[in-house]
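Chemist:
In the numbering used here, the protein residues as written are 6 to 436.
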């Protein structure tokens, strides 16, 4: 091999635990994404949106929502982001490091994949755009010490939490002002009207008026061109609004933590088993305590938006980090054991094909839920979405090892490498 030619990471150099963790996180993310894919977009933040089949009317929907929210919401995204941060260190440092031009070109193509996912495949909750933008920023942190990375993550976490706690306080005032303005249309106090507008803007973005659910659902059930127009507007709102205001900072926090964990040799499963058991116990203990309390508060409020919108909770990041560390400790502990070999192999294959499998989620959703396929969006109750999730999991856990036994890369990974390195690596395995 010519040492002057930058090559993709060889299969023999891959770290099994990273692939297993990535596969686990990727499958776990679908537990949350399926809600936005298969239900009204506001259902993610308004779990009791539909009066006839909402979670307060059907106990099974309540149980499903609470279980997913406690065990997985935020935690899978955190874990996936940590692994992306680890990949930045892996690609940008050490003897096989890619140069800045190569790294930025790779990220630019990831951004392109994300735009295809958001606009062409109709997944407005796409995370690839966010990751690509965060990668452009974090390349400059590639040589920072674990201590500096963790301090940076903590600073961003505290600032974002403080911002949202202050925002919740303002929204609560705005909500009360909205009630006053609505009850007295002649109410003319400018400050109250201004605060009411703050609440109305927030509510219009994350909730829908009573009886207005069908407006969005009918557009999404329409044929591809009509559904595309609706989706393009939502995707643009996400890219111009939610990503710079919320999601980019969320990703940066977790990626910085992931970079630090990788540099401390935690993510390669090389620490003693007792270390991962402690990580699991402390993580799950903290995360479960906080998340159960948050779910209780949401239910006690009657699923009011100020309580169900996760970022408005001061404990949100602590709870999701606790659960992410718990899952991290559990998976890495299992990676050290000789049993569960087939499960590890299947999860690692899903992780190695993470881009292909992530986009496959969107393809499944496009066919099942949009007007380009069976137009089932909004037709299924919350609990009915999860047999679909289990079926997609089964397909990917079977298909990914089968594919990689015949090919060196997933199809999208091969295309990504070809575009990034400006040459096509061999795809099929040599017998």
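The C-beta atom is built at its ideal place from N, Cα and C for all residues, glycine as well.
In this text the structure is predicted, and so the values were computed from the model without any measurement.
With respect to 8 angstroms, is the separation between the Cβ of residue 206 and the closest non-hydrogen atom of the ligand SAH below this value?
Modeler: By its list of ligands, the structure shown contains no ligand whatsoever, and the ligand SAH lies outside what it can speak to.
Chemist: Leaving out five residues before and five after residue 47 in sequence, what residues of the same chain have Cβ atoms less than 7 angstroms from its Cβ?
Modeler: Hits under 7 angstroms: 54, 211, 212, 213.
Chemist: Should the segment 67-75 be called in touch with the segment 120-128, which here means at least 3 C-beta pairs below 8 angstroms?
Modeler: Not touching, per the Cβ criterion.
Chemist: Taking 7 angstroms as the limit between beta carbons, can you name the residues of its chain near residue 20, skipping five residues before and five after?
Modeler: 273.
Chemist: With residue 188 as the anchor, note down where its alpha helix (DSSP H) starts and where it stops.
Modeler: Per DSSP, residue 188 belongs to the alpha helix (DSSP H) from 151-188.
Chemist: Between residue 204 and residue 180, which are expected to be in contact by the criterion C-beta below 8 angstroms, what is the C-beta distance as a whole number of angstroms?
Modeler: So it is a contact: roughly 5 angstroms between Cβ atoms.
Chemist: When we look at the beta-carbon of residue 165 and count the other beta-carbons within 10 Å, is it buried (16 or more) or exposed?
Modeler: The residue in question, residue 165, is buried, as its Cβ has 16 or more Cβ neighbours within 10 Å.
Chemist: Mapping DSSP to helix, strand and coil, what is residue 233?
Modeler: Three-state DSSP puts residue 233 in a helix.
Chemist: With a cut-off of 8 angstroms on the beta carbons, I'd call residue 162 and residue 137 a contact; round off their distance for me.
Modeler: The Cβ separation is near 22 angstroms, so there is no contact.
Chemist: Measure the alpha-carbon distance for residue 56 versus residue 49 and round it to whole angstroms.
Modeler: With a pLDDT of only 45 at residue 56, under the threshold of 50, the placement of this residue in the model should not be trusted; the figure read from the coordinates follows. C-alpha separation (whole angstroms): 15 angstroms.
Chemist: Can you tell me whether DSSP reads residue 433 as helix, strand or coil?
Modeler: If DSSP states are grouped into helix, strand and coil, residue 433 belongs with the strands.
Chemist: Alpha helix (DSSP H) containing residue 76: first to last residue?
Modeler: 64-76 is the extent of the alpha helix (DSSP H) around residue 76.
Chemist: Would you call the CB atoms of residue 286 and residue 331 closer than 9 angstroms?
Modeler: Contact: yes.
Chemist: Where does residue 421 land, buried or exposed, given buried means 16+ other C-beta within 10 angstroms?
Modeler: So residue 421 ends up on the buried side.
Chemist: Give me, in chain order, the residues of the same chain whose beta-carbon lies closer than 8 angstroms to that of residue 317; leave out the 5 immediate sequence neighbours on both sides.
Modeler: Counting only Cβ-Cβ distances below 8 angstroms, and skipping sequence neighbours, we find 169, 170, 172, 173, 176, 311.
Chemist: Among the candidates 246, 245, 258, 89, whose CA atom is the shortest distance from the CA of residue 154?
Modeler: Nearest C-alpha to residue 154: 258.
Chemist: Check this for me: beta carbons of residue 336 and residue 369, under 9 angstroms apart or not?
Modeler: Taking 9 angstroms as the Cβ cut-off, residue 336 and residue 369 do not qualify as a contacting pair.
Chemist: According to DSSP, is residue 50 part of a helix, a strand, or is it coil?
Modeler: Residue state, collapsed to three classes: coil.
Chemist: To the nearest angstrom, how far is it from the Cα of residue 256 to the Cα of residue 145?
Modeler: When rounded, the distance between both Cα atoms is 16 angstroms.
Chemist: Rounded to whole angstroms, what's the CA-CA distance from residue 33 to residue 167? Just pull it up for me.
Modeler: Distance between the alpha carbons of residue 33 and residue 167 is about 28 angstroms.
Chemist: Cα-Cα, which of 374, 409, 399, 397 is closest to residue 232?
Modeler: Nearest of 374, 409, 399, 397 to residue 232, Cα basis: 374.
Chemist: Whole alpha helix (DSSP H) runs in the segment 241-288 with 4 or more residues, listed along the chain?
Modeler: Within the segment 241-288, the complete alpha helix (DSSP H) runs of at least 4 residues are 253-268.
Chemist: Measure the alpha-carbon distance for residue 65 versus residue 381 and round it to whole angstroms.
Modeler: Going from the Cα of residue 65 to the Cα of residue 381 covers about 20 angstroms.
Chemist: Quick test of the definition: if touching needs 3 or more C-beta pairs under 8 angstroms, does the segment 269-283 touch the segment 320-327?
Modeler: The answer is no - the segment 320-327 does not touch the segment 269-283, with fewer than three Cβ pairs under 8 angstroms.
Chemist: Mind checking residue 345: buried by the 16 CB within 10 Å criterion, or exposed?
Modeler: Result: exposed.
Chemist: Compute the Euclidean distance between the alpha carbons of residue 226 and residue 130, then round it to the nearest angstrom.
Modeler: Taking the straight line from one Cα to the other gives about 18 angstroms.
Chemist: Let me check understanding here. Comparing Cα to Cα, which of 386, 419, 408, 360 lies closest to residue 28?
Modeler: Selected option, being the one with the closest Cα: 360.
Chemist: Assign residue 379 to one of three DSSP states: helix, strand, or coil.
Modeler: In this structure, residue 379 counts as coil in the three-state DSSP scheme.
Chemist: From the DSSP output, which residues share a beta bridge with residue 412?
Modeler: Beta-bridge pairing links residue 412 to 433.
Chemist: Does the Cβ of residue 141 have 16 or more other Cβ atoms within 10 Å, making it buried, or fewer, making it exposed?
Modeler: By the 10 Å Cβ count, residue 141 comes out exposed.
Chemist: To which residues of the same chain is residue 99 closer than 7 angstroms at the C-beta, ignoring the five residues directly before and after it?
Modeler: Result list for residue 99: empty, nothing under 7 angstroms.
Chemist: State the DSSP-derived secondary structure class of residue 427, mapped to helix, strand or coil.
Modeler: Residue state, collapsed to three classes: coil.
Chemist: Given that a residue counts as buried once 16 or more other Cβ atoms are within 10 Å of its Cβ, and exposed if not, what is residue 148?
Modeler: Classification of residue 148: exposed, given that the 10 Å Cβ count is below 16.
Chemist: From residue 159 to residue 266, what distance separates their C-alpha atoms?
Modeler: If I take the Cα positions, the gap works out to 14 angstroms.
Chemist: When the Cα atoms are used, what is the spatial distance from residue 296 to residue 415?
Modeler: Taking the straight line joining both Cα atoms gives about 36 angstroms.
Chemist: In angstroms, rounded to a whole number, what distance separates the CA positions of residue 261 and residue 423?
Modeler: So the two alpha carbons sit approximately 28 angstroms from each other.
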